[in-house]
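To start, the structure under review is shown below, and the notes come after it.
In this note's numbering, the protein residues as written are 1241 to 1490.
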């Protein structure tokens, strides 16, 4: 059956036409959201009303605003309100996904706890404590790479997922973080104050089965060791023990 010639003509998009045969109308969207362009054949008489153009601009503007608002709300749900780091829920989901992906291994995990943080709150007040948390969050973001995930666990505890990162590299990153904080001077009530951090490191490397909860526990054990042996240091959990860990009953 011979195709209808009118159907063939309607199937040709404006992008297939030479620029000399096209004309366009540019509409400014509301609230400075941008500009859209409507193209039509140059030899066609304009039959569109100004009201139609206003309606088109309104619809596009509202659609873009709805998308931006949805993204904003979604981002708020993923972030810690004080530090703007990812929250614990995002951390848990990301770690569970990453440990299942062979291309991202080895994966190293840093658990970080600010030493003697309670003394800052008790001595200088919670505003001083918030200043420490926000400053340390900036240090974490500046010390890590683009593909690393930095999260606030809650309180004064933080976590970093380092994909495709061997233990020796993760240890160097942890030391860089620790040194940067130790060399940062805080001023509270016209008094200078220094902070330190203890860091626990665990790495899973080319293991067939890795339990997310166990990797967190190994890093937590290393963090406890750093706290127990003097604070302001980085301790690593032995890599060869990770494969021996069993998932907990809970």
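Each residue gets a CB set at the ideal place from its N, CA and C atoms; glycine is no exception.
Which of helix, strand or coil does DSSP assign to residue 1246?
On the chain shown, residue 1246 is found 6 positions in, with the first residue counted as 1. At residue 1246, the pLDDT of 39 sits below 50, so the modelled position is not reliable; the number obtained from the coordinates is stated separately. Here residue 1246 sits in helix by DSSP.
In terms of residues, what are the limits of the beta strand (DSSP E) holding residue 1353?
Within the chain shown, the letter at position 113 stands for residue 1353. First-last of the beta strand (DSSP E) with residue 1353: 1347-1354.
Residues in its own chain within less than 6 Å of residue 1397 by CB, not counting five upstream and five downstream?
Indexing the chain shown from 1 puts residue 1397 at position 157. Here the set comprises 1353.
How would you label residue 1418, buried or exposed, when you count the other beta carbons within 10 angstroms and need 16 or more for buried?
Locating residue 1418 in the chain shown gives position 178, counting from the first residue. Counting Cβ neighbours within 10 Å, residue 1418 comes out buried, since at least 16 surround it.
When the Cα of residue 1319 is compared with those of 1393, 1402, 1439, which residue comes out closest?
For the purposes of this step, residue 1319 is taken as the residue at position 79 of the chain shown. Comparing Cα-Cα distances from residue 1319 to each of 1393, 1402, 1439, the minimum goes to 1393.
Within its chain, find whatever has a CB closer than 8 Å to the CB of residue 1304; leave out the 5 residues flanking it on each side and keep chain order.
Mapped onto the chain shown, residue 1304 falls at position 64. Within the same chain, residue 1304 has close Cβ partners 1269, 1273, 1274.
Quick one: measure Cβ to Cβ for residue 1436 and residue 1381, integer angstroms, because I've assumed they're closer than 8 Å.
As a position in the chain shown, residue 1436 is number 196, starting the count at 1. As a position in the chain shown, residue 1381 is number 141, starting the count at 1. With a Cβ gap of about 19 Å, residue 1436 and residue 1381 do not count as contacting.
What number of angstroms, rounded off, separates the C-alpha of residue 1307 from the C-alpha of residue 1276?
Sequence index remark: in the chain shown, residue 1307 carries index 67 (1-based). Sequence index remark: in the chain shown, residue 1276 carries index 36 (1-based). Rounded to the nearest angstrom, the two C-alpha atoms are 17 Å apart.
Establish whether the CB of residue 1386 and some CB of chain B are separated by less than 8 Å.
Although the question refers to chain B, the structure presented lacks it and comprises just one protein chain.
Where residue 1270 sits in the DSSP three-state scheme:
By one-based count along the chain shown, residue 1270 stands at place 30. Helix.
Using the Cα positions of residue 1424 and residue 1400, report the straight-line distance between them to the nearest angstrom.
For the purposes of this step, residue 1424 is taken as the residue at position 184 of the chain shown. For the purposes of this step, residue 1400 is taken as the residue at position 160 of the chain shown. Approximately 20 Å between the Cα atoms of the pair.
Length of the line joining the Cα atoms of residue 1476 and residue 1297:
Translated into the one-based positions of the chain shown, residue 1476 becomes position 236. Translated into the one-based positions of the chain shown, residue 1297 becomes position 57. Whole-angstrom Cα-Cα distance: 58 Å.
Identify every residue that forms a DSSP beta bridge with residue 1425.
Looking up residue 1425 in the chain shown gives position 185. Answer is 1434, bridged to residue 1425.
Just reading off the beta strand (DSSP E) that residue 1383 is part of, what are its end residues?
Indexing the chain shown from 1 puts residue 1383 at position 143. From DSSP, residue 1383 is part of no beta strand (DSSP E) but of the alpha helix (DSSP H) over 1366-1383.
Is the CB-CB distance between residue 1383 and residue 1443 below 8 Å?
Here residue 1383 refers to the residue found at position 143 of the chain shown. Here residue 1443 refers to the residue found at position 203 of the chain shown. No, Cβ-Cβ distance for residue 1383 and residue 1443 is not below 8 Å.
Relative to the C-alpha of residue 1389, which candidate in 1300, 1328, 1279, 1322 has its C-alpha closest?
One-based indexing of the chain shown puts residue 1389 at position 149. If we check each option's Cα against that of residue 1389, 1328 comes out closest.
Bridge partners - residue 1439, DSSP secondary structure assignment:
The count along the chain shown starts at 1 and reaches residue 1439 at position 199. 1352, 1474, per the DSSP bridge assignment.
By Cβ distance, which residues of its chain are closer than 7 Å to residue 1264, with the 5 residues on each side in sequence left out?
Looking up residue 1264 in the chain shown gives position 24. Only 1277, 1278, 1279 meet the Cβ criterion.
Residues near residue 1403 by beta carbon distance below 7 Å, same chain, minus five either side
Along the chain shown, one-based indexing puts residue 1403 at 163. Closer than 7 Å at Cβ, skipping near neighbours: 1338, 1344, 1347, 1387.
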